[in-house]
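K.L.:
Taking my numbering, the leading residue of the sequence shown gets 2, the next gets one more, and so forth.
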Amino acid sequence: MTQPLAHILAETIRVRGPISVAEYMAAALGHPEHGYYTGHDPFGLGGDFTTAPEISQMFGELIGLWCLLAWQAMGSPARLVLAEIGPGRGTLMADLLRTAQVRPAFAAALEVVLVETSPALRNRQVQTLAGHKVTWVERVEDLPPGPLLVIANELFDALPIRQFERKDGVWRERRVGLDPDGGFVFVAGAESNAPELPAEAAEGAIAEIGEAGLALATWLGRRLCADIGAALIIDYGHESGGIGDTLQAVRRHRYHPVLADPGRVDLTAHVDFARLAAAARQAGARIDGPVSQGLFLSRMGIEERATMLMREATPEQAAALAAGARRLIDPSEMGTLFRVLALASPTLPKLTALNVPQGSSPP
2 MTQPLAHILA
12 ETIRVRGPIS
22 VAEYMAAALG
32 HPEHGYYTGH
42 DPFGLGGDFT
52 TAPEISQMFG
62 ELIGLWCLLA
72 WQAMGSPARL
82 VLAEIGPGRG
92 TLMADLLRTA
102 QVRPAFAAAL
112 EVVLVETSPA
122 LRNRQVQTLA
132 GHKVTWVERV
142 EDLPPGPLLV
152 IANELFDALP
162 IRQFERKDGV
172 WRERRVGLDP
182 DGGFVFVAGA
192 ESNAPELPAE
202 AAEGAIAEIG
212 EAGLALATWL
222 GRRLCADIGA
232 ALIIDYGHES
242 GGIGDTLQAV
252 RRHRYHPVLA
262 DPGRVDLTAH
272 VDFARLAAAA
282 RQAGARIDGP
292 VSQGLFLSRM
302 GIEERATMLM
312 REATPEQAAA
322 LAAGARRLID
332 PSEMGTLFRV
342 LALASPTLPK
352 LTALNVPQGS
362 SPP
């Protein structure tokens, strides 16, 4: 085991015994020296995965339009904290800020704050957002007070989760231990009575609880009760909690063994939107959505925006615009797998593109 983080985790397990999936995931992604996000840029064709802002400029532009409409619904305050948590390369924010220029008063009101812990990604964001006034913080708790809009695109799927396995009629926390050869392996831990776990499940079933995500949703809900504003969450996941192992690893755009090469591969798990919404609602926020990403972007006018851009585009550019729009909204691509949820201050009017007809299920 020559990789530094693998060695550190193996030694921890030898001293303390098997660790939780959440602890393994937190170290693999965020170790201050050897974590996946700490030292390199994983985005784009040359990295491990591609996110929506890298697929098409229209994604960030339409998020910018949504922010403009939310600002107007807030009464167009003269100062607005615009925060993005986990801003990647800064591409979404760059496209958003370009769109903000269509309403000078909105652009002038913005105080842009990026919540970022990775030195490598922060350096990339500095380059992408050159010419813009931006502040960086490492924790959401450090966001300035006042009217607030928060964007979180493909953030919650990378927050650590706990896993539980049904064995002999009870739930046991799934942990990461070592096999006889020193490799990482899943093992069953102590019995768990966590209230979030279903009372009945088949033998061998896996359940997941994303405590870090729920804590963030709770914090956002409380903040949106203290200061008017909203948070827009875009991620892949399921509408309601269920049974299933969704933990996965990706490297160079291909699936990778989950417990292989910690610190060198991306680890994610599906977002449980029902639990996120419930946590934020219990903290006092109003919930809009979730709806599918395809429906959200269509309601925000992605087809019209694509047509507008194509008028001034070369044939190659027009083809790329069409392909990007299709990838973002087509049900066979990202259109239904990704969902959009808004948390809002209780006094804020319903937000455009996230309304769900009464008595119907979000598409």
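Glycine included, every Cβ here is placed at the ideal spot set by N, Cα and C.
All values derive from a computational prediction rather than experimental measurement.
Taking the continuous beta strand (DSSP E) assigned at F274, which residues delimit it?
P.N.:
As a position in the sequence shown, residue 274 is number 273, starting the count at 1. Not the beta strand (DSSP E): F274 falls in the alpha helix (DSSP H), residues 274 to 283.
K.L.:
Secondary structure at N194, three-state DSSP: helix, strand or coil?
P.N.:
Counted from its first residue, the sequence shown places residue 194 at position 193. N194 falls in the coil class under three-state DSSP.
K.L.:
Considering only residues of the same chain and omitting the five flanking positions on each side of T118, which have a CB-CB separation below 7 Å?
P.N.:
Taking the sequence shown and counting its residues from 1, one reaches residue 118 at position 117. Excluding sequence neighbours, T118 sits near G31, E139.
K.L.:
Return the CA-CA distance between L150 and A191, expressed in angstroms with no decimal places.
P.N.:
For the purposes of this step, residue 150 is identified with residue 149 of the sequence shown, where counting begins at 1. For the purposes of this step, residue 191 is identified with residue 190 of the sequence shown, where counting begins at 1. Taking the straight line from one Cα to the other gives about 41 Å.
K.L.:
My guess is that I244 and A202 are in contact by the Cβ rule of under 8 Å, so how many angstroms apart are they, rounded?
P.N.:
On the sequence shown, residue 244 is found 243 positions in, with the first residue counted as 1. On the sequence shown, residue 202 is found 201 positions in, with the first residue counted as 1. About 6 Å separates the two Cβ atoms, so the contact holds.
K.L.:
Under the three-state reduction of DSSP, which class applies to E34: helix, strand or coil?
P.N.:
Here residue 34 corresponds to residue number 33 of the sequence shown, with the count starting at 1. Here E34 sits in coil by DSSP.
K.L.:
For E317 and V103, what's the separation of their Cα atoms in angstroms?
P.N.:
The residue given as residue 317 occupies position 316 in the sequence shown. The residue given as residue 103 occupies position 102 in the sequence shown. Those two C-alpha atoms are separated by around 27 Å.
K.L.:
Return the Cβ separation of F185 and L248 in integer angstroms, given the expectation that the two are a contact with Cβ distance under 8 Å.
P.N.:
Here residue 185 is taken as the residue at index 184 of the sequence shown, counted from 1. Here residue 248 is taken as the residue at index 247 of the sequence shown, counted from 1. With 8 Å as the limit, F185 and L248 do not qualify as a contact, their Cβ atoms being about 13 Å apart.
K.L.:
Which two residues bound the contiguous alpha helix (DSSP H) that contains F165?
P.N.:
The residue you call residue 165 lines up with position 164 of the sequence shown. Run containing F165: none in the alpha helix (DSSP H); it sits in the beta strand (DSSP E), 163 to 168.
K.L.:
For R322, which residues in the same chain have their Cβ closer than 8 Å to its Cβ, ignoring the five residues on either side in sequence?
P.N.:
The sequence position of residue 322 within the sequence shown is 321, counting from 1. For the sequence presented, residue 322 should be read as Leu rather than Arg. The answer, listed in chain order, is S57, M59, A307, L310, M311, A314.
K.L.:
Given that a residue counts as buried once 16 or more other Cβ atoms are within 10 Å of its Cβ, and exposed if not, what is Y38?
P.N.:
Here residue 38 corresponds to residue number 37 of the sequence shown, with the count starting at 1. Buried.
K.L.:
Below 8 Å, how does it come out for the stretch 330 to 347 and the stretch 282 to 299: are there three or more Cβ pairs, yes or no?
P.N.:
Counting Cβ pairs under 8 Å, three or more are found: they touch.
K.L.:
Relative to the C-alpha of M75, which residue among E85, L198, F107 is closest?
P.N.:
Numbered from its first residue, the sequence shown carries residue 75 at position 74. Residue F107 is the option with its Cα nearest to M75.
K.L.:
With distances taken between CB atoms, is the gap from V114 to A153 smaller than 8 Å?
P.N.:
What you label residue 114 is simply residue 113 of the sequence shown in a count that begins at 1. What you label residue 153 is simply residue 152 of the sequence shown in a count that begins at 1. No.
K.L.:
Evaluate Q128 with the Cβ neighbour count: other Cβ atoms within 10 Å of its Cβ, from every protein chain shown; 16 or more gives buried, anything less gives exposed.
P.N.:
Against the sequence shown, residue 128 aligns to sequence position 127. Exposed: under 16 other Cβ atoms inside 10 Å.
K.L.:
Kindly list the residues whose CB is nearer than 7 Å to the CB of G178, restricted to its own chain and excluding five residues on each side of it in sequence; keep chain order.
P.N.:
Taking the sequence shown and counting its residues from 1, one reaches residue 178 at position 177. Counting only Cβ-Cβ distances below 7 Å, and skipping sequence neighbours, we find I14, P19, V186, V188.
K.L.:
Please classify G205 as buried or exposed, where buried requires at least 16 other C-beta atoms within 10 Å of its C-beta.
P.N.:
Stepping through the sequence shown from its first residue, residue 205 is reached at position 204. Exposed, since its Cβ has fewer than 16 Cβ neighbours within 10 Å.
K.L.:
Does the distance from the CB of P263 to the CB of A7 come in under 8 Å?
P.N.:
Start at 1 with the first residue of the sequence shown, and residue 263 comes out as number 262. Start at 1 with the first residue of the sequence shown, and residue 7 comes out as number 6. Yes; because the gap between Cβ atoms is below 8 Å, this pair is in contact.
K.L.:
If you follow the beta strand (DSSP E) that D236 is in, where does it begin and where does it stop?
P.N.:
If you number the sequence shown from 1, residue 236 lands on position 235. Per DSSP, D236 belongs to the beta strand (DSSP E) from 230 to 239.
K.L.:
Between W220 and R287, what straight-line distance do the alpha-carbon atoms span, to the nearest angstrom?
P.N.:
Locating residue 220 in the sequence shown gives position 219, where the first residue counts as 1. Locating residue 287 in the sequence shown gives position 286, where the first residue counts as 1. The alpha-carbon atoms of W220 and R287 are separated by roughly 13 Å.
K.L.:
For A250, which option in D158, C226, D143 has the closest C-alpha, if you only look at C-alpha atoms?
P.N.:
Position 249 of the sequence shown holds residue 250. A250 has its Cα closest to that of D158, out of D158, C226, D143.
K.L.:
Less than 6 Å between C-beta atoms, sequence neighbours within five positions excluded: which residues of the same chain meet that for K168?
P.N.:
Within the sequence shown, numbered from 1, the residue matching residue 168 stands at position 167. The residues are A189.
K.L.:
In the structure shown, what three-state DSSP assignment does E304 receive?
P.N.:
Counting from 1 along the sequence shown, the entry for residue 304 is found at position 303. Here E304 sits in helix by DSSP.
K.L.:
From the DSSP output, read off the bridge partner residues of D289.
P.N.:
On the sequence shown, residue 289 is found 288 positions in, with the first residue counted as 1. Its beta-bridge partners are A343.
K.L.:
Measure the C-alpha to C-alpha separation of A121 and A326 and round it to an integer number of angstroms.
P.N.:
As a working mapping, residue 121 is identified with position 120 in the sequence shown. As a working mapping, residue 326 is identified with position 325 in the sequence shown. Approximately 29 Å between the Cα atoms of the pair.
K.L.:
Let me know the secondary structure DSSP gives Q4 once reduced to three states.
P.N.:
Along the sequence shown, one-based indexing puts residue 4 at 3. Correct three-state label for Q4: coil.
K.L.:
Please report the straight-line C-alpha distance between L81 and A28, rounded to a whole angstrom.
P.N.:
Taking the first residue of the sequence shown as position 1, residue 81 is located at position 80. Taking the first residue of the sequence shown as position 1, residue 28 is located at position 27. Between L81 and A28, the C-alpha separation is close to 34 Å.
K.L.:
Does DSSP put A27 in a helix, in a strand, or in coil?
P.N.:
Within the sequence shown, numbered from 1, the residue matching residue 27 stands at position 26. A27: helix per DSSP, three-state reduction.
K.L.:
Alpha carbon to alpha carbon, how far is T269 from P78?
P.N.:
In the sequence shown, the residue the question calls residue 269 occupies position 268. In the sequence shown, the residue the question calls residue 78 occupies position 77. Spanning the two alpha carbons is a distance of roughly 37 Å.
K.L.:
Round the Cβ separation of F50 and D267 to the nearest angstrom and send it over; I've been treating them as touching at under 8 Å.
P.N.:
Here residue 50 is taken as the residue at index 49 of the sequence shown, counted from 1. Here residue 267 is taken as the residue at index 266 of the sequence shown, counted from 1. About 6 Å separates the two Cβ atoms, so the contact holds.
K.L.:
What's the call for Q283, buried or exposed, on a 16-neighbour Cβ count within 10 Å?
P.N.:
For the purposes of this step, residue 283 is identified with residue 282 of the sequence shown, where counting begins at 1. Counting Cβ neighbours within 10 Å, Q283 comes out exposed, since fewer than 16 surround it.
K.L.:
Does any residue of chain C have a CB that is nearer than 8 Å to the CB of N194?
P.N.:
Looking at the structure shown, chain C is missing, and only one protein chain is on hand.
K.L.:
From the DSSP output, which residues share a beta bridge with L111?
P.N.:
Counting from 1 along the sequence shown, the entry for residue 111 is found at position 110. The partner list for L111 (beta bridge, DSSP) reads L81.
K.L.:
In the DSSP assignment, what are the bridge partners of E174?
P.N.:
Here residue 174 is taken as the residue at index 173 of the sequence shown, counted from 1. Paired residue(s): F165.
K.L.:
How is the alpha helix (DSSP H) around L215 delimited, first residue to last?
P.N.:
Along the sequence shown, one-based indexing puts residue 215 at 214. Start and end: 212 to 227.
K.L.:
How big is the Cα-Cα spacing for L336 and W172?
P.N.:
Looking up residue 336 in the sequence shown gives position 335. Looking up residue 172 in the sequence shown gives position 171. With the sequence shown as reference, residue 336 is identified as Gly, and Leu is not the correct amino acid for it. Spanning the two alpha carbons is a distance of roughly 34 Å.
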